[in-house]
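Everything below concerns the one structure shown next.
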């Protein structure tokens with residue numbers, strides 16, 4: 006499937022140290038994770054423990070788009086705002102675009118609140134994803 010998607014000849018893609026390269030390997034891993042999250046396939050490892058730093062943002066985005074916890078992959082999960090919107094502000098009327106968020110299950114959501122945002126982000130090597138139109142649509146967030 007990877008070869009087909011990238012227009013490679015059959016047998017051209019390899020994960021071996023001799024024939025493969027790190028970029029192709031990372032893209033292949035991202036494809037597998039995208040497939041797993043899209044089809045709700047449980048993972049035996051936590052992706053955040055296995056991914057390269059530059060690949061974590063891709064995983065964070067996919068979790069937001071597919072509503073699974075960025076840390077453990079569990080569903081159901083909720084969008085967790087990293088940038089404070091403020092107390093007394095109606096989130097239904099707030100423009101959510103460009104606010105950072107991560108997708109968290111109930112357990113990790115509580116962990117985020119008890120640790121504080123910065124400590125939580127450092128613990129799991131997350132940066133958060135700025136909410137774009139696609140994420141806002143999936144989560145039915147206000148963009149005006």
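Residue numbers (my numbering): 6 to 149. All residues carry an ideal CB built from backbone N, CA and C; glycine is no exception.
Beta-ladder partner(s) of residue i, from DSSP
| i | result |
| --- | --- |
| residue 83 | 109 |
Distance between beta carbons of residue j and residue i, contact taken as under 8 Å
| i | j | result |
| --- | --- | --- |
| residue 107 | residue 78 | About 13 Å; that fails the 8 Å criterion. |
| residue 146 | residue 101 | 4 Å |
| residue 149 | residue 70 | Residue 149 to residue 70, Cβ: 21 Å. No contact. |
| residue 65 | residue 131 | 6 Å |
Inter-residue spacing [alpha-carbon to alpha-carbon] between residue i and residue j
| i | j | result |
| --- | --- | --- |
| residue 15 | residue 7 | 10 Å |
| residue 104 | residue 23 | 43 Å |
| residue 55 | residue 127 | 16 Å |
| residue 116 | residue 13 | 44 Å |
| residue 135 | residue 30 | 26 Å |
| residue 27 | residue 121 | 35 Å |
With 16 other Cβ atoms within 10 Å as the buried cut-off, status of residue i
| i | result |
| --- | --- |
| residue 49 | exposed |
| residue 9 | exposed |
- prompt: At a cut of 8 Å, does the region 8 to 23 reach the region 42 to 61 through at least three beta carbon pairs?
  reply: The answer is no - the region 42 to 61 does not touch the region 8 to 23, with fewer than three Cβ pairs under 8 Å.
task: Would you check if there are 3 or more beta carbon pairs closer than 8 Å linking the region 106 to 114 to the region 25 to 44?
output: With fewer than three CB-CB distances shorter than 8 Å, the region 106 to 114 does not count as touching the region 25 to 44.
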